[in-house]
Each structure stands twice: as structure tokens, then as C-alpha cells.
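Contents: one structure, followed by commentary.
Residue numbers (our numbering), protein chains in the order written: chain A, 20 to 287; chain B, 63 to 466.
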């Protein structure tokens, strides 16, 4: 069983929801990422989503855009991100790591070369924001051949026929974008999310994560009641932005925010 | 071309591919609105009422057909091929951009959208969008990079006069590509009531095909006008290429005229060798940006790099995917012209013909100035004079050390 499947199976047995923090690799500095990853696991993260910096993050709000800019100021490339995962794996063989980013850096590296290097580094899943399954055959085949789960987004605008198509191509879990907007937006409707999750679950047995708009323990807990995983990104990245030159302080704040979320999600 | 390949005129395929280029590379939220747009657009193509309304707008509002002008004095000076200009600079708002915004705005109205958004670089597409939005009484927001807002003040003011809100974009390189990112983000958040008018033949399907079809009026008219004026077709077509909408608009109706050569002219900026340019077809590599696969200015890590051109309208790191395919298939030639050569062409056309071209179009003129002397006097070069130079007075004056 893959690391991702193992995590979801254990959580299901204990009746808990996965907490998935997102941070951009190399933000605010390449040296900060490895300790941050370990600190997040310690604070209760079940899976880590590691953002691959890109110059044109079209689906991201201002907070994560600036995270990319800070990382790119240190020239953090896709291969550097995979190196970070490799170093994380030296001491952690259980927490799944999902790379999240845009297609072009992978396109330039080559699908096969990327998949092979990612698998060697210990990457478990790949979420490419700007590749719908219609264009994704080559990339999906390449990562699956190396045992990496292709993770796809579903949106409020996804109709049933697309949900079926996307969940057929996906493995590991699917990621429901809880609102029409970019990352970090704030107008989340719990009822609308609940209805859509019910529709998605009639199409797939895969775990369904929810992200975009989860900013504190209360929203995390309310989502945890209806989803299999809760993804939190901009709220964590804001802690880095507030402490741009003090990585240990940022890591501390991210740790406490995750612990609060974890406690609220597990029922207090 | 191998026999099993789709003829160029029948592209893109039903998912927006021109060979390996084009396609739809966007986040899931935009898949549904793009499908809605594609269906609305395809219906409009077969709708006589839509086509009649578009035709009437182009005639009475834009001022089409735009004339073709034989630049006899310039041709004599160059002592070679005869130079003809397709006068898109004479359109309402001063460039070819309005052909497309009129078309997309009609579509927006039919789809019941109440809000228009657009990206702009030099401001010409922003002005053309604000213009049609004003006419239809639609709310209009134009995204423009902070750098471009500063260097194109007059166009920012024009857009505001027309009732548009101009939002300055401070992310990334603060230019056209970042304005496009920001417009996409707006669209994701407001898909229900908002129509995104993309200004060039890039972006996800159906934009490259749709914008081309709205701009192809340039080539259709030019073809008929040449036959009427001189009884034959030109030997070569020349147009500048940023995103590539004026070039594809001219080229497309001539695709089957295999004896006619096409020249797309990119911005070489300070020179291709300096790296300070905006010439992805001449000096870039394929990749994926802004919803489509095409040639890009990118580094070895796949990050998009900053471009440079004296002409804000050509200052873009990508190019329409149909141009990428016309390049690979050998149907069109792509060359590049430096800032300096474009400026010389700007002055030359102004002095020999009394026509002040946009700096974008000056790149095409510069290519004609290079080619004409090598050709016979009976040969014909047809250039798309895509816009007028009024907007560039400050830039040109600054080069001459003057402040206006």
C-alpha cells in the first residue's frame, strides 16, 4: 500500500480527518523548509503539500504568489524541491509528501525524468494545478509508472460527467476546491461544500480533501466534520510572511496554528 | 506536409490543438466557463443574426473595411518590391485590437454576462475593451502591470474616461504577463457574471481560435482588395508578432496560397544575442503558460523570464500557439527586429509617407525595409500596419532626449 493510502486507512480506522498543511518549498529561505516539514509533522500534519515555486502562479492568491517570489529570489528549482524531499525522507519514511505546482517546470524537465527523480526522492503524490485530465494522459502515465499518485482538483463548477472523468484519472485522494476563487480567498459556504462532497462521493471511493479558504481552527473543524482531509495553505504561509527574516519564529507559529487545528478537528 | 496531417486551415482540433501546441491548461474551476464560451462561440459562427450584427458593427462603428495603401514613395526610395499597407491604424481606437473586442463583446451580451474584464500591456487592447464596454453599458475592469501603467499614462486615462476601472498589478514582473495572471484570477472568482476578453491569440482554447476568427477580417479584406487594386495577390505578407493577433488575422485567409510567404516579426529588443528581447519564436523553447502550450521565454528551470522591447505591445514572453505550429510546419517565417531598427522604420515611414506607425507595427515596416531592396520592382510586399503611433509619442521623444 502507498504511503498516502496507508495514512487514509489508519485515519479511517480511528475516525479522524487528515490535516494537510501546504507551504512553498524554499520560502522564506531554502534552509528553512526541512525543519519546517519536520515541525509540521510534529504538530499533527498527516500529509505535507510542498509547493513548487513558479513565476506565474495563476491560480494562487497574493499570499502564495509572494511565497513563490521569495523562494524564486533564492532560485529554488524543481530539482531543489525534490532534494528537500530526499533529505526529509532520511529521517521520516511515513509522512506522505505531495508536490503541488504548475506544469511548466515539469514540462521543461521532461515527464519521465521528473517522475523517476521524484520517486527516488520519496515523493508520494503530484498535484499539477493547470493540467486537466484532458491534457494529462502523458503526465499521469509517467507518474503512475513510478508509483506516484496523480492528484486532481475538483471545483464548484465541475459537473458530474467531469467529476467522473477526473476521479477515474486520479489516485491517492482528490482535492475539492471549496470556492470559486484563488487560494486564500475567504467566502466559504459549508452547506454548499457538504452538498458537493456528497455528489463527489457517489462517483468515487477515493478520500476527498477540501482546501481554499480554511484559515483557522474553527473552519478546519467544521470542514473536518464533512471531509476526509483538510488542506490549509495561505494561513500558514502568512506566518512566514509576518516573520520574513526569522524562520524559527515562523516555524513556531505554524506549529501552534497546526496544533490548534488538529485539536479542534479531533473534537477539542 | 505529410498526408496524414490535418490541413493548416482546419486547425485547431476540437480540443484546441495546433499540432502539439495550444490546448487547455487551466485550473479545474475554469474548465466549465471555457466550455460554456466554446459552445456560445461555435453557435454564433452559424448564427446569421450574430454575423450580421458583427458585420454592421465593423462597418459603422469600427470603420471597416480599412483601406489598402500603396506606399509609392517609400517603395521608390527602397528601389525594389512595391510596398502596400493594410491600414488597421485607421480603425476606431487606432489599432486592429477593436476587431476582436467588438466580436467578443457581442458574444458577452448574448451570453448574458454583465461584467467585462481584460488584460492590457500598451493599453491598446484595454482601450478597445473599455470602448466596447462603454457602448454596451457593461461594467469593465482592466488589469495592467504597474510598469505599463507608468509608461502608458495616456491610455490609462483614456480607459478611465471610458468608464473602465484600471487595476494596477504589482506582482511578478509587473507587466503584461502578470496582468494576464491577475485577470485569470479575477475570472476564477467571478465566473458566473464575468466575460474575460483576451486581447490576443493566446490563452486556453477557444481563445486562440476565436480571436483569430475575429481578426481574420483583416486578411479576407486584404485578399479581395489586392485582387481589385492590382489584379493579383502579394508575394509576401509581413506583420509584427507579440501575442500574434494582427499577424494571424492577416495570414490566416492566405494559408492555402502556398506561393505567398509569410514573415512574422518579433521584437529583438537590444538584440537576440543580449538576451534582452521578446522573441520566443526566434529564441525561445516550447512550454506551457497562460493556458496553452507554445514557445516561451523561459529559463532552464521552466520559470518565465522577463522580456524587453521598446514596444509595450510586443513585450510578452509567449506567443499564440498557432504561430508556434506555423513555425514548426515551415508555413511561416519568424524573424526579429531590434528596438533601433524599429525606431528607424518609425521615422522613415513617417517622413516618406506621412503615416506615423505604432512602434509595434514599425517592426513589420523594418522587415519590409530590409527585404524590399532584394526584390524585383514588380513584386509586392503587403504589410499589416496594425496600429497608429500617437500612443508612442512619449517613448520616441524620450529616445531623442525630449520630454513632452
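Even glycine gets a Cβ: it sits at the ideal position worked out from N, Cα and C.
A quick note: this is a predicted structure, and the numbers were derived from the prediction, not measured.
N- and C-terminal bounds of the beta strand (DSSP E) containing residue i
i: residue 168 of chain A; result: 168-170
i: residue 40 of chain A; result: 37-43
i: residue 93 of chain A; result: Premise fails: residue 93 of chain A is in no beta strand (DSSP E) and is neither H nor E.
i: residue 440 of chain B; result: Counting along the chain, residue 440 of chain B falls outside any beta strand (DSSP E), and DSSP gives it neither H nor E.
i: residue 396 of chain B; result: 394-400
i: residue 449 of chain B; result: Where residue 449 of chain B is concerned, there is no enclosing beta strand (DSSP E), given that its DSSP letter is neither H nor E.
Any C-beta of chain A under 8 Å from that of residue i
i: residue 234 of chain B; result: yes
i: residue 439 of chain B; result: no
i: residue 65 of chain B; result: At residue 65 of chain B, the pLDDT of 45 sits below 50, so the modelled position is not reliable and the matter cannot be decided from this model.
i: residue 389 of chain B; result: no
i: residue 351 of chain B; result: yes
i: residue 237 of chain B; result: no
i: residue 201 of chain B; result: no
i: residue 246 of chain B; result: yes
i: residue 76 of chain B; result: no
i: residue 326 of chain B; result: no
i: residue 29 of chain B; result: No answer is possible for residue 29 of chain B: it lies beyond the span of chain B, which begins at 63 and ends at 466.
i: residue 82 of chain B; result: no
i: residue 510 of chain B; result: Outside the shown range of chain B (63 to 466) lies residue 510 of chain B, about which nothing can therefore be said.
i: residue 276 of chain B; result: no
i: residue 87 of chain B; result: yes
i: residue 144 of chain B; result: no
Cutoff 8 Å: residue i Cβ touching any chain B Cβ
i: residue 39 of chain A; result: no
i: residue 199 of chain A; result: yes
i: residue 123 of chain A; result: yes
i: residue 97 of chain A; result: yes
i: residue 126 of chain A; result: yes
i: residue 77 of chain A; result: yes
i: residue 154 of chain A; result: yes
i: residue 18 of chain A; result: Lying before the first or after the last residue shown, residue 18 of chain A is absent from chain A, which here runs from 20 to 287.
i: residue 148 of chain A; result: yes
i: residue 112 of chain A; result: no
i: residue 196 of chain A; result: yes
i: residue 181 of chain A; result: yes
i: residue 234 of chain A; result: no
i: residue 173 of chain A; result: yes
i: residue 73 of chain A; result: yes
i: residue 208 of chain A; result: no
Contact belief for residue i with residue j at Cβ below 8 Å, rounded distance in angstroms
i: residue 215 of chain A; j: residue 194 of chain A; result: Wrong, their Cβ atoms sit about 12 Å apart, outside the cutoff.
i: residue 251 of chain B; j: residue 163 of chain A; result: That pair is no contact at about 33 Å.
i: residue 60 of chain A; j: residue 114 of chain A; result: 5 Å
i: residue 281 of chain A; j: residue 69 of chain A; result: No, residue 281 of chain A and residue 69 of chain A are not in contact; Cβ-Cβ is about 19 Å, not under 8 Å.
i: residue 365 of chain B; j: residue 257 of chain A; result: So it is not a contact: roughly 24 Å between Cβ atoms.
i: residue 144 of chain A; j: residue 170 of chain A; result: 5 Å
Bridge partners - residue i, DSSP secondary structure assignment
i: residue 230 of chain A; result: A/196
i: residue 351 of chain B; result: B/354
i: residue 70 of chain A; result: A/43, A/119
i: residue 256 of chain B; result: B/177
i: residue 190 of chain B; result: Beta-bridge pairing links residue 190 of chain B to no other residue.
i: residue 229 of chain B; result: B/205
i: residue 360 of chain B; result: B/366
Boundaries (first-last residue) of the alpha helix (DSSP H) holding residue i
i: residue 241 of chain B; result: 238-251
i: residue 344 of chain B; result: 342-345
i: residue 303 of chain B; result: That residue, residue 303 of chain B, is in no alpha helix (DSSP H); it is neither H nor E in DSSP.
i: residue 217 of chain B; result: 215-223
i: residue 316 of chain B; result: Note, residue 316 of chain B: premise wrong, no alpha helix (DSSP H); not H, not E.
i: residue 329 of chain B; result: Note, residue 329 of chain B: premise wrong, no alpha helix (DSSP H); beta strand (DSSP E) at 323-331.
i: residue 368 of chain B; result: Here residue 368 of chain B belongs to no alpha helix (DSSP H), and DSSP marks it neither H nor E.
i: residue 285 of chain A; result: Residue 285 of chain A -> no alpha helix (DSSP H), and no H or E assigned at all.
i: residue 424 of chain B; result: 421-433
i: residue 288 of chain B; result: 279-292
i: residue 174 of chain A; result: Per DSSP, residue 174 of chain A belongs to no alpha helix (DSSP H) and is neither H nor E.
i: residue 383 of chain B; result: 383-390
i: residue 455 of chain B; result: 455-461
i: residue 22 of chain A; result: 22-33
i: residue 60 of chain A; result: 49-61
The ligand MG heavy atom lying under 7 Å from the CB of residue i
i: residue 373 of chain B; result: Among the components modelled here there is no ligand, and therefore nothing to report on the ligand MG.
Exercise. What are the uninterrupted segments assigned as alpha helix (DSSP H) that are 4 or more residues long and contained completely in the region 119-165 of chain A, given in chain order?
Worked result: 122-128, 130-140, 156-164
For this session: Identify every run of the beta strand (DSSP E) within the region 64-143 of chain B, keeping only runs that are complete inside it and at least 3 residues long; order them along the chain.
Result: 130-132
Problem set entry | Those runs of the alpha helix (DSSP H) which lie wholly inside the region 205-282 of chain A and span at least 4 residues | 209-220, 236-243, 253-261
Exercise. If you scan the region 139-183 of chain B from start to end, which runs of the alpha helix (DSSP H) of 4 or more residues do you find wholly inside it?
Worked result: 159-172
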